[in-house]
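Each residue of the sequence shown is one higher than the last, beginning at -3 in the numbering used here. Yeah, the Cβ is synthetic: ideal placement off N, Cα and C, and Gly gets one too.
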Amino acid sequence: MSPITIRLDGREYTARGGETILSVVQRAGLAERVPTLCQVACSTPEAGCRLCLVSVAGEPRPLTACTSVVRDGMDIETDTPDVQALRREVLLMLSRSHPGAVASPTGQGGREAAWFHELLVRHGIGDDAISRVASDEPPQSHPYLRFDPARCIVCRRCLHVCEDLQGQFVFDVGGRGGGVRLLFGDREQFSESPCVSCGACVEACPTGAVYDVDRTTFLPSAATVVRSVCGYCGVGCGLDVATDGAAVLRISGTLGSPVNTGHLCAKGRYAHGWQRSRERLTRPLLRDPGGTLREVSWTDALSWVTRRLMETRSRHGADALGVLTSSRSTNEAAYLFQKVFRAVIGTNNVDCCARVCHSSTALALAIATGTGAASASFADIERARTIVLAGANATEAHPVVGARIKQAVRRGARLIVVDPRAIELGRYADVLLQVEPGTNVSLFNAFAKVILEEGLADAAYVSERTEGIEALARFLAGNSLAALAASCGLAPEPVREAARLIGTGGPALFVTGLGLSELTQGTDSVLALVNVALLTGSIGRPGAGMLPLRGQNNVQGNADMGSMPDAVTGYQPVADPAVRGHLASIWGIAPPATAGLTIPQMLAAAREGSIRGLWIQGEDVAQSDPNEAAVREALERLELLVVQELFMSETARHAHLVLPAAGALEQDGTFTNGERRIQRVRRVVPPPGEARPDWEIARDLGNSLGAGWSYGSPAEVMDEIARVAPVLFGGVAYARLESDGLQWPCPTASHPGTATLHADRFLRGRGLFHAIIEVPTPEKPTAELPYLLITGRVLQQYNVGTMTRRTPHLELAGEDALAMHPADAAAEGLRDGERVLVESRHGRTEVPLRLSPEVRRGDLFLSFHFPETHANALTSGLVDPRSRCPEYKVTAVRVSAADTRMA
Ligand SMILES: Nc1nc2c(c(=O)[nH]1)N[C@H]1C(S)=C(S)[C@@H](COP(=O)(O)OP(=O)(O)OC[C@H]3O[C@@H](n4cnc5c(=O)[nH]c(N)nc54)[C@H](O)[C@@H]3O)O[C@H]1N2
Ligand SMILES: Nc1nc2c(c(=O)[nH]1)N[C@H]1C(S)=C(S)[C@@H](COP(=O)(O)OP(=O)(O)OC[C@H]3O[C@@H](n4cnc5c(=O)[nH]c(N)nc54)[C@H](O)[C@@H]3O)O[C@H]1N2
Ligand code: SF4
Ligand code: SF4
Ligand SMILES: [Mo]
C-alpha cells in the first residue's frame, strides 16, 4: 500500500493506512494542538469528550480526530476559529455542570491531574466564570484511594484505564441528565469494589477527582524524581520515585519502561512505607554471653565475625561454612558474597532461594534446551496467538504481567489455564483445567499424546530442531488418554479440547509458575510441558516460547551471579578445570572443584553438625523454608549464624550477629528480571541509621578476611562480572544500562541483548524430548489425612511479609486464611471465619477458615505471609530429587474446629 500523505496546518505528513487523525498528530509530536479529555493510550477512542474536533477541507462539520481515519490528500486544520469556539463551548459546559472541578489544582492526584484546569486556562475560562462548590471529604475507607465526585467531569478516563489496562471493572457511569457521575459498580467506595489498588485511574484522572494518599499535595520544589526498579516481584517494573532526598514521597510507573509502560501494581506503587518503619534495623547487634542481642559498632561486628569465621575454618575446614545470598538485593552483592565464600573462605557452599522457588524450572529448561532461563520476553504476551498458563496465578503474583495477559485475551488470544484453583485468569480462559495438585505430568503427557496422534504437531520443526521424538511417541502410545486424564482428576474431553486448541493455535507461549516447580516431580512437570512446547514448534519463535514467571525482584540475577553450589557466575560449572583456570586468572585464586551443598542439604548438615556457620543475607528460612521444626532445629544447632536483614525476621531472632542492610530504593546496583533484563536500580533515599548497602558489607567482609579488594562502586563490580562470564554478560556495563537495561546474553559491547533465546538453534544444539512417567507424590490424601493442602500467595502481601506487613497493605490483607470448599466445610461442620486446627504428618497450626468455591473439593489453600500462620509447620521436607526444590504445593492434612480440640 502506498503511503498516505496528508496536510496538517499547512505542512505535509506521511500517515499509515487506517490511522486516525489523532494518531498522526500525536506521532508528529503535535499533541498540544489537538487536546482530548477522554482518550487514553490503551483504549479504543470513543469520541466522548468532543474536544479533539478538527476542521477538514470539504467536510461540512468538524470531525473528531480520535475516530476519523485519514485519507490520502486530506487537508486538516487544528486551530480554526470555528474549532476553537466549539472546544470552548464544550469546556464551558463541562465547567458549568461540574463546578467542583474548576478550582485551581491543589496538587491532588496523579500524572494528568492538572490537565483539565490547563485546558480551561488555555481556552480563557477562569475560576471566576463559574461559581465553585466545596467538595465533601471523600470516604476514608480505603488505605490508599479516594474519589471526590464533586471534581469528576465524567470523562471516563478512569473507566478506560481500569478496564483496558488493568482489566478490572470497577467503574460504571450511572444516572441520567445532570445526575451523571461515576459509581463503583453499584458501590460507592473503592474498599467495597473489585479494585486491586493498581492506581492507574489516579494517574489518568484529569481533575484530581480520583486521587490517593500519596498524591494529596504538590511535590515540594526541592523534590527530584529518580528512575529505579521495583523491589518486589520478578516482573521488574520501572519506577519513577519522587523524593526530597530524605523520604520516598510518591511512586509512579516509568512511562518509557519496556516492562510496564507506566503501569504498576499496588505493591510497586504504594507498599513503600516499610522504608520508614521504626522497626528497621539500624545498628549491628551481637549476642552477648547472656544471650541478649546488643548494639555494637560496625568495626567490632566485622572483626568479631572475621575471627569466628577463621576459627571455624581452621578447626573444621572451609566446608563447615556456607552462605545464602539474597534474591531481594543486587547482583553486585550476590556476586561479591559468592566470591567471598569461594575465593576467600574456600567453599562452594553457596545457594539462594532460587532453590526453593524455580530451581526445577531452571533445571528442566537447562536439560531440554541448554539454559534455565525464560526463552521468551514479556512483549511476547501481546504477540501470542495462544497462551498456556500453568501453575501460575499471574494476576496476584505478577499483576502487571497478569494484566497484560487479560488484555491479550480481550484482544483475541486463546488462553488455556491449568491450576487446581479457579484463579481469576480462569474466568478468561477458553479452557480451565482444575488439575489435581501434583499431577501435572499426566496432564501434559495427555496434551502431547493428542497433539501427536491427531497430527497437530509442527513436523518440520520437530524433525529439524529436536531429538528424542521416537521414544516419546512410543511411550505415549502405551498410555490411554482416559487413564492419563483420570490420574489428574479430569474427564478426557476438556483435556482433549485444550490439547487441540494448543495444537492448532501454535506456536504457543507457555507461562509457568510454582504449581509446576514446587513439587517432588517439579523438574518432570516442566520437562513434560517442554515436550508440548517442542511439538508445537514454540521455542525460539516470537509470540511463543517458555516464560516462567520468576519470583523475586532479583532471583534470576542471584542465580546468574553464581549463587549455586555447582556453578559460578554465568552458570559455568565449577567442576570444569577450564572454568576454574579462567576464574583464577581474574580472582587470583580458583574456587574448590567439588560442588557445595544446596539449602536443604546445608540445613540438614547443620542439624548433623557438619555445617557450623551460616551467613544468611536477606532470606527468612525460619518462616519460608519447609518443615519449620527442622529448620529451627538447624538454626539452633549452628555455632555461628550471621543474618543480614532489614528487620528482625524470624531467622534473625536465632542469629549470633545481625547486620542492618539497606533495602530496595536505598542502594545502587542492578536487578535482573524474569525476562533476563538487567536493569539499573538507584539509591533514592539513604538507609536508616548505620544500615549499609549489601555489596559494601560483602566487600568489607572480604577485605576483613584479607582479600585486599578495591571495588569503589557497584559499576566496578559489574565490570568484573562481565569479564568472569563473557558469554552472557561480556557486553554489560553501567553506561549501557541507563534507561531500559539489557537482556542477556549480551556478549559484546556492540551486542543489543537477546529478546528471544534459541531463535536459530537451541543452546544445546537440538531441543530434547523426554518420555516421563508420573511418579506420584508420597503426600497423597489418606483416610487420616483426607485433604491436599496447597500453599502459595495472595495479591496484597509479599512472601514472608517483613515489608508489606509494615505498610497500609495490612488493611487490605491482614491475615492468612485457609480456603476450603463450602461443601467440604459443610461436611466437616465448619463455619466461615472460625479458627481451625490443621494437622499434617510434619506439624500443626491454627488458622482462620475462609469458605471459597475457588478450590476443588478435597483441596485447601493457605498463604504464608504472616509468621503466626506457621504454614511451613505443615509442609514436608520432601524435595524434587534432582533440583532439590521443596514440595510446598502438596501436603496431606486434616482439618478440625480449633476450640473443640483445645478442650
Ligand atoms: N503478591 C505477591 N506476589 C508475589 C509473591 C508474593 O508473595 N506475593 N512472591 C513472589 C515469588 S517469590 C514467587 S516465586 C512468585 C510465585 O508466583 P506463582 O507461581 O504464581 O504463585 P503461587 O501462588 O505460589 O502458585 C501458583 C499457582 O500454582 C497452583 N498450583 C498448586 N499446585 C499445582 C499443581 O500441582 N499443578 C498446577 N498446574 N498448579 C498448581 C496454585 O493453585 C497457584 O494458583 O510470586 C512472586 N510475586
Ligand atoms: N509454604 C510455602 N513456603 C514458601 C513458598 C510457598 O509457596 N509456600 N514459596 C517459597 C518461595 S518461591 C520463596 S522465593 C521463598 C521466599 O522466602 P524469603 O526469601 O525468605 O522471603 P522474602 O520475603 O522474599 O525476603 C527475605 C528477607 O529478605 C529481606 N530483605 C528484603 N530486601 C533486602 C535487601 O535489600 N537486603 C537484605 N539484606 N535483606 C533484604 C526481607 O526483610 C526478608 O526477611 O519462600 C518460599 N516459601
Ligand atoms: S486502582 Fe486500578 S483497579 Fe482500582 S479502580 Fe483504579 S484502575 Fe481500577
Ligand atoms: S508487578 Fe511486580 S515488579 Fe511490577 S510493580 Fe508489581 S510487584 Fe513490582
Ligand atoms: Mo519465589
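By the C-beta density criterion, Asp621 is buried, having at least 16 other C-beta atoms within 10 angstroms.
Per DSSP, the unbroken beta strand (DSSP E) holding Met542 starts and ends at Gly541 to Pro544. Each residue's CA atom was taken as its position, placing Val384 and Gly704 some 51 Å apart. Bounds of the alpha helix (DSSP H) holding Phe725 are Pro722 to Phe725.
Sequence-distant Cβ neighbours of Glu8 in its own chain, meaning closer than 8 Å and more than five residues away, are Thr1 and Ile2. If you check the CB distance, Ala625 and Gly342 do not come in under 8 Å.
For Thr508, the enclosing beta strand (DSSP E) begins and ends at Ala504 to Thr508.
Around the CB of Pro503, 16 or more other CB atoms lie within 10 Å, so the residue is classed as buried. Counting C-beta pairs closer than 8 Å gives three or more between the segment 408 to 423 and the segment 378 to 397, which meets the contact rule. In the three-state scheme derived from DSSP, where H, G and I count as helix and E and B as strand, Phe180 is classed as strand. Our two residues, Val526 and Ile465, have alpha carbons roughly 12 Å apart in a direct line. Lys776 sits exposed, since fewer than 16 C-beta atoms from the chains shown fall within 10 Å of its C-beta. In terms of Cβ geometry, Ile377 and Val397 form a close pair [threshold 8 Å]. Less than 8 Å separates the beta-carbon of Met598 from that of Asp347. Taking 8 Å as the cut-off, the Cβ atoms of Tyr207 and Gln104 count as close.
Contact between Leu428 and Thr391 fails: their C-beta atoms lie close to 14 Å from each other, not under 8 Å.
Rounded to whole angstroms, the gap between the alpha carbons of His268 and Pro656 is 18 Å. Nearest to Asp236 by C-alpha distance, out of Cys229, Gly227 and Ser248, is Ser248. At least 8 Å separates the beta-carbon of Ala630 from that of Val639. A residue is listed when its beta-carbon falls short of 5 Å from at least one non-hydrogen atom of ligand 5; in chain order these are Cys353 and Gly547.
Taking the C-beta atoms as reference points, Glu615 is found nearer than 8 Å to Cys349. Comparing alpha carbon positions, the residue from Leu697, Leu833, Val728 and Pro782 closest to Trp300 is Leu697.
For the segment 594 to 657, the continuous beta strand (DSSP E) assignments of 3+ residues that do not extend past its boundaries occur at 609 to 613, 636 to 641 and 653 to 656, in sequence order.
Exclusion of the five residues before and after Asp736 leaves Pro254 as the residues of its chain whose Cβ lies within less than 6 Å of its Cβ. By the criterion of at least three beta-carbon pairs nearer than 8 Å, the segment 488 to 500 is in contact with the segment 451 to 462. Segment contact: the segment 711 to 721 against the segment 261 to 276, fewer than three CB-CB distances shorter than 8 Å; contact not assigned. Taken through DSSP and simplified to helix, strand or coil, Arg246 comes out as strand. Under the three-state reduction of DSSP, Thr803 is assigned to coil, being neither helix nor strand.
Inter-segment contact for the segment 190 to 200 and the segment 154 to 173 is present: three or more beta-carbon pairs are separated by less than 8 Å. Leu320 sits away from Ile693, with the two beta carbons spaced by 8 Å or more. Taking the C-beta atoms as reference points, Thr250 is found no nearer than 8 Å to Thr220. A straight-line Cα-Cα distance of about 30 Å links Leu88 and Glu15. Residues Leu281, Leu282 and Asp284 of the same chain have their beta carbon placed closer than 7 Å to that of Arg290, with the five preceding and five following residues left out of the count. Around Gln164, the same chain offers Cys158, Pro190, Cys191, Val192 and Cys194 as residues with beta carbons nearer than 8 Å, after the five sequence neighbours per side are excluded. The C-alpha of Arg279 is placed about 15 Å away from the C-alpha of Arg272.
If you check the C-beta of Leu289 against ligand 3, you find no heavy atom less than 7 Å away.
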